[in-house]
Ligand code: 5GP
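Numbering (the numbering used here), first residue to last: 977 to 1193.
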């Protein structure tokens, strides 16, 4: 799975994972990345949860029945999957493999369980970032402003956030989302630097040989 780097040096595509407790701003950051970083494609997950107002089938999720999800998992159609808030969430395998094969990097908005599974499968290709809210009050405020969920669901998400937070140390990078533009700049820097990693740049030997040949003549 190789991509053409923007400087013409061939490299392996990478799997860029963003995780955070709900309400830490991960969805906004993901959208900004997709809009502003060429060569990055969003992985759209399948889920058994109900569609929220404003969500679009195939853009935010593929909304599927539980039986269909089980079938996908059983057939090996999911790269990873997990149960979150009593619902199933999983990453369809084929689009990810196709994107990587076509030379694109793939962005994942998945939880710590999915991140662990991806890491087990493709450690060298996974770059993981955990987004932290600046405070608990900020997290609660964002969950309320989103206004898509009931009070009970919001309380559940706040409880769940404590659990999610405990997995921060399993990630390669940590970004505190105090200000969305600053957080975006940080996440963007991580992606840019990771794209330049020597280990990932499979075409370097050939590229340098070419340079040497040119210098010798
Ligand atoms: P939400 O219901 O708010 O869209 O997502 C709830 C949680 O499920 C979020 O933490 C999100 O990152 C996670 N999630 C979404 N899709 C997937 C997936 O395909 N796999 C895993 N493991 N988690 C997912």
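Even for Gly, the Cβ is constructed at its ideal location relative to N, Cα and C.
Taking non-hydrogen atoms of the ligand 5GP into account, the C-beta of residue 1065 is found less than 6 Å away from one of them. A residue is called buried once 16 or more other Cβ atoms fall within 10 Å of its Cβ, and residue 1067 is buried on that count. Beta-bridge analysis with DSSP links residue 1018 to 1083. In this structure, the straight-line span from the alpha carbon of residue 1186 to that of residue 1192 is close to 10 Å. A buried status is given to residue 1086, since no fewer than 16 other beta-carbon atoms sit within 10 Å of its beta-carbon. Spanning the alpha carbons of residue 1155 and residue 1190 requires a straight line of approximately 47 Å.
Per DSSP, reduced to three states, the secondary structure at residue 1131 is helical. By the Cβ criterion, the segment 991 to 1000 is not in contact with the segment 1020 to 1032, since fewer than three pairs of Cβ atoms, one from each stretch, lie closer than 8 Å.
Placement of the Cβ of residue 1030 at a distance of 6 Å or more from every heavy atom of the ligand 5GP is found.
Judged by the Cβ position, residue 1098 fails to qualify as a neighbour of the ligand 5GP at the 6 Å threshold, every heavy atom of the ligand being at least this far. The residue from 1058, 984 and 1000 with its alpha-carbon nearest to that of residue 1114 is 1000. A distance criterion of 6 Å places the beta-carbon of residue 998 in contact range of the ligand 5GP, judged by its closest non-hydrogen atom. Taking 7 Å as the cut-off, the Cβ atoms of residue 1065 and residue 1104 do not count as close.
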